[in-house]
Amino acid sequence: MTRPILHGYFRSSTSIRTRMALNLKGIEYDQVTHHLRKGEQKDEAYLKVNPQGLVPALVWTDGQVIPQSMAIMEFLDEVVPQPPLLPADAGGRARVRSLTQMICCDIHPLNNMRVLKAIGTRFGADDEATAAWFRYWVAETFRPLEQMLAHSDQTGRFCHGDEITMADLALVSQIINNRRFDVPMAAYPTLQRIADACLEVPAIERALPQHQPDAE
Ligand SMILES: N[C@@H](CCC(=O)N[C@@H](CS)C(=O)NCC(=O)O)C(=O)O
């Protein structure tokens, strides 16, 4: 049977969360890596796969191309239901999707490489200002996220109870990404505790940047 192919980059947070989902589901896959700093995501051959020129994109076993990490996680959860990445009840699913989107929709797009590049080249931000921008947008979401997770009895070992959900995958990959800009974590003890618990799970650990074929 054809194996799925993941187009990604070792330290892209969207690729990290997608790899975590694939590993948790026990899906074996091949990787095609695109060096984002060298601009390989804009190569003609890759634009034929994903015209957006962003990673990740998953080429499923039937040849369907699925870009967008949240769509990929949802897709994997439907085609390989165990272990689930969403809770069984509608309220729980809504909570997990909200937490996931806080990170994937409200932090990541503002801190993506092309945005960081643009604030430098088009708006004159130097390295220090760029790092301050990155940290500012993380804090804008991590502050309320910490409150929401610390004060909810639905929070358990992980973001939602004691089973890993897609919210955890979004959280860990963001925290890994934060290290590049030395985001202080002292104000977010609950987020750190959950991330530490996630990193004890081998399927999650295996998805980390340093274990990937293109790791530098
Ligand atoms: N919303 C998309 C975002 C994808 C995205 O922006 N990926 C980044 C890497 S984390 C990328 O390809 N950046 C290339 C660039 O900025 O040129 C997703 O969740 O998959």
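Its first residue numbered 1, the sequence shown is counted upward by one per residue in our numbering. In this text, a Cβ means the ideal position worked out from N, Cα and C, and glycines have one as well.
Short note on residue 19: C-beta not closer than 7 Å to any heavy atom of ligand 1. For residue 33, the enclosing beta strand (DSSP E) begins and ends at 30 to 33.
Annotation: residue 183 is outside any alpha helix (DSSP H) and is labelled neither H nor E by DSSP. DSSP, read as helix, strand or coil, puts residue 109 in helix. Separation of the CB atoms of residue 171 and residue 103 is rounded to 6 Å, and the pair is thereby assigned contact status at 8 Å. In this structure, the beta-carbon distance from residue 6 to residue 24 does not fall below 8 Å.
Judged by DSSP in its simplified three-state form, residue 125 adopts coil rather than helix or strand.
Contact check for residue 141 against residue 69 fails: the beta carbons are separated by 8 Å or more.
For residue 54, the shortest C-beta to heavy atom distance toward ligand 1 is below 7 Å. In the displayed model, residue 54 falls within coil according to three-state DSSP, outside both helix and strand. Ranking 51, 93 and 129 by CA distance to the CA of residue 161 puts 93 first.
Separation of the CB atoms of residue 133 and residue 125 is rounded to 7 Å, and the pair is thereby assigned contact status at 8 Å. For residue 13, the shortest separation between its Cβ and any heavy atom of ligand 1 lies below 7 Å.
Cβ contact annotation for residue 27 (same chain, cutoff 8 Å, sequence separation greater than five): 4, 76 and 80, in chain order.
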